[in-house]
Each structure stands twice: as structure tokens, then as C-alpha cells.
Amino acid sequence: MSEFVQSLSRGISVIRSFSADTPRQTLSDVARTTGLTRATARRLLLTLEELGYVRNDGRFFELTARILDIGYSYVASLNLNDIAQPFLESFSEAVRESSSVSVLDDTDIVYIARVPTKRIMTVAIGLGSRFPAYQTSMGRVLLAEQQDHDVMELFSRSDRSQTTEHTVVTGEALLEQLHAVRQQGWALVDQELEIGVRSLAAPLRDAAGTAIAAMNVSTHVGRTSLDELTAEFLPRLLDTASGISQALAMR
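Per our numbering, the sequence shown starts with residue 1405, numbered consecutively.
Encoded structure:
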């Protein structure tokens, strides 16, 4: 195939050589896994390091969170906000609370779809609004998809200047929360982003089962107890997230 770009193919093979089983690799590991020569693997790894997609501690190479930028481009190409919007509108009408969809962008979540009802936060939220992922329910269901060491790296770089008395303050405490999210398939954040605000979130998955975005519902402590949130809102949230995921899979 005359138009096939071998160097691009090799670069992708290097990226794909990293996995849950092999998150950190030596140059020899990468060369062996990809079938490339050490010289070629080294050039590709150093190129990826220069671009910020790989880091090296002198012996081991591993992917950085910037690799998520590639996945974000895919999410944007799906027109996810167009797919999710009618689902959000039906859901918000049923529960009479605001609902949103966001994607992970490095250390933050970015809102890409939203149906507001009552304003419950001191800051206005719109499309493009950003918050630290570790402090939000949507961020946590997306962070739960990552390896613990990647989460710790993201947490170390996150903006932790705006917190409440309820906000997790250590990476270890965050990991404990994420382990629960992985088991139950959803996240609840109670007044960690702002006092008075509670939020539930569930992942949105593509045809391959990859969590490419998250959906949430937010409410105020004065209107909704924790028991009501999990007993009444959670089943509807999970059903709606499942509906959006099915629609994504059929694209």
C-alpha cells in the first residue's frame, strides 16, 4: 500500500504496547512487544516523550495523562452532546434537577452537554466549564477507569486550591473512593466541590465498553437527602446512562 505511513503505524504500536499488565516498560520491553529494533523503539519513545505522551525515569517508560487527548478527539468526533441532549432533557424533566455530560481533559472534566433547572452553585455552569476531576462525581467515574498510579499522578497536578471541609485531601483517600466506584459502577460526591451540592454520576460507554464520558445529576442538600438520591435518582440515572451508551454503540 503506497500511502501507508510505516512510522505512524510503528508509533501507534508503541503506544498500544502499554497496558494494564505492562504500564511501565524498559526500552527492551517495548522493542520485544512491538517487534521493532531497539534503535527504532528508542527513537519513537523519545519522540513521544518530547511530545509529552510518554515519560521516562531513566530506565522505565510509561504513558502520561496527555495520551487522553487522543481519546478526547474521538469523543468530540462522536457529536456526543447531540446524542446525549434529548436523554438529558427527559431525565431532568423527570427528576426536576440539573443534569450534565462531561469528558475528562487531563486533570479536569469539561462540560459538553447540560440541562440546567435550579441554580445550586455559586458559579454559573455552561458548556466548556471546567472543574478538577477528583472533586466531582463525573470525574471520579472517569478516573476509576484508570490505573492507580495514573490517578496519583493526575491528583498531584490537580488544582486543589478550592476545597471544602468534605473534600478528599490525599491521593490515598481518592483511590479509596475510586475503588468503591469501580465496584458499584457509579459515584456520589457530597459537598466536596461546593458546600450544599450533592451529585451522582455514571459512565457513558462506547461500543467497545470504554468509558468516554460521564453523566450526572446535581441537587442541593436542602432538597434531597442521600437516601433519596440513591433510592430514587440513581436507578433513573443508570437507565439514562445506559440509553445514551446504547445510542453511542449504534453509531
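We treat Cβ as the ideally placed atom computed from N, Cα and C, and that holds for glycine.
- Along the length of the segment 1483-1509, whole alpha helix (DSSP H) runs at least 4 residues long occupy 1484-1499, reported in chain order.
- In this structure, S1502 and S1421 do not form a Cβ contact; the two beta carbons are roughly 42 Å apart against a cut-off of 8 Å.
- Contact between V1505 and A1606 does not hold, since their C-beta atoms are separated by about 11 Å, which reaches or exceeds 8 Å.
- In this structure, the beta-carbon distance from R1500 to E1466 does not fall below 7 Å.
- Collapsing the DSSP output to three states places D1563 in coil.
- Setting aside the 5 residues that flank it on each side, H1624 is surrounded in the same chain by K1522, I1524, G1600, V1601, R1602, each with a C-beta closer than 8 Å to its C-beta; the list follows chain order.
- Going by DSSP, H1583 is part of the alpha helix (DSSP H) stretching over 1575-1588.
- Taking the C-beta atoms as reference points, P1520 is found no nearer than 7 Å to D1563.
- Take T1567, set aside five residues on each side of it, and the residues of its chain with a beta-carbon closer than 8 Å to its own are Q1539, V1573, E1596, in chain order.
- Counted as a single uninterrupted DSSP element, the alpha helix (DSSP H) harbouring T1437 occupies residues 1431-1438.
- CA-CA distance, P1490 to G1647, rounds to 11 Å.
- For D1643, the enclosing alpha helix (DSSP H) starts and ends at 1638-1653.
- Cβ-Cβ separation between T1444 and V1458: approximately 15 Å, too far for a contact (criterion under 8 Å).
- When DSSP states are grouped into helix, strand and coil, I1599 belongs to the coil group.
- Excluding the 5 residues flanking it on each side, H1553 has same chain C-beta neighbours closer than 7 Å at P1427, in chain order.
- Burial is judged here by how many other beta carbons sit within 10 angstroms of a residue's own beta carbon; N1620 has at least 16 and is buried.
- Taking the Cα positions, L1608 is about 32 Å away from T1451.
- In summary, F1637 is buried, with 16 or more beta-carbon neighbours lying within 10 Å of its beta-carbon over all protein chains present.
- With respect to I1516, N1485 sits close: the two C-beta atoms are nearer than 7 Å.
- Taking the C-beta atoms as reference points, L1448 is found no nearer than 7 Å to V1409.
- A direct Cα-to-Cα measurement between L1455 and I1471 gives close to 10 Å.
- When DSSP states are grouped into helix, strand and coil, D1610 belongs to the coil group.
- Relative to the Cα of I1513, the nearest Cα in the group G1543, A1645, A1488, L1641 belongs to G1543.
- Judged by beta-carbon spacing, A1548 lies within the 7 Å limit of V1585, meaning their Cβ atoms are closer than that value.
- Annotation: N1460 to S1423 spans about 16 Å, alpha carbon to alpha carbon.
- Ranking L1641, D1610, E1493, A1653 by CA distance to the CA of S1541 puts L1641 first.
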